[in-house]
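Below you'll find the structure, written out as structure tokens, and then a few comments.
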Amino acid sequence: MIDYFIRRILVMMLTLLIVSALVFIVIQLPEGDYLTSYIAELESQGEAADPQKIVYLQKEFNLDQPIWKQYLLWIGGILRGDFGRSIEYDLPVIDVIGEVFVFAIILNASVIAFIYIVAFPIGVYSATHQYSWGDHGLTFVGFIGLATPNFLLALILMFLAKKYLGI
């Protein structure tokens with residue numbers, strides 16, 4: 024059992040490493056980077072970017088390094104708990120994440136609570152009243168919910184909440 028557990032942990036770590044490398048590569052694929060986009064935005068507004076600041080930022084964010092070295096530096100920083108610094112907000116990334124993390128946890132907890140409050144009674148009803156009109160109706164509504172794209176379902180629910188509940 025311990026061998027199985029260790030094997031599963033190693034496979035999970037390898038999978039996480041492969042997925043993080045693929046995501047990093049996909050982000051790096053387009054021509055340029057955030058810094059060049061930022062410089063182009065400054066120039067489009069008629070402002071000149073200071074060449075010394077550009078060189079400093081390239082070194083600060085390791086943009087002057089090859090992609091493989093950028094990845095290793097990024098992973099090394101994450102393993103040390105250093106997620107880097109956000110260019111856009113000029114804050115540590117952990118602070119940017121921390122601002123919305125609590126809200127994400129609250130949202131996820133409320134969704135899980137909603138699922139249990141709604142799904143268990145529906146499941147019990149469907150199990151005890153198998154093949155009834157209520158079972159078929161609830162199954163139909165469930166399939167509609169599964170088939171509807173999440174963004175569209177969210178917009179519909181927002182509209183209905185505004186119209187009928189005044190939220």
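Take 24 as the starting number for the sequence shown in this note's numbering and just add one per residue.
Here a beta-carbon is modelled for each residue, glycine too, at the ideal position from N, C-alpha and C.
In three-state terms, what does DSSP make of R31? helix
Rounding to the nearest angstrom, what Cα-Cα distance links V164 and V42 in this structure? If you take the alpha carbons of V164 and V42, they lie about 35 angstroms apart.
Considering just the uninterrupted stretch of the alpha helix (DSSP H) at K186, what are its terminal residues? No alpha helix (DSSP H) holds K186; DSSP gives it neither H nor E.
For I62 and G107, I'd like the C-alpha separation in whole angstroms. 20 angstroms
Given a cut-off of 8 angstroms on the beta-carbon distance, is the pair F47 and Y94 in contact? In contact: F47 and Y94 (Cβ atoms closer than 8 angstroms).
Can you give the Cα-Cα distance for D212 and A132, rounded to whole angstroms? Nothing can be reported for residue 212, as the shown portion of the chain is limited to 24 through 190.
Measuring only the C-alpha atoms, how far is I190 from A184? 6 angstroms
From the DSSP output, in three-state form, read off S109 for me. strand
Is it a yes or a no for the segment 72-92 touching the segment 46-60, going by three-plus beta-carbon pairs under 8 angstroms? yes
Where do the N-terminal and C-terminal ends of the alpha helix (DSSP H) with L96 fall, by residue? Residues 90-102.
Distance, I101 Cα to R31 Cα: 22 angstroms
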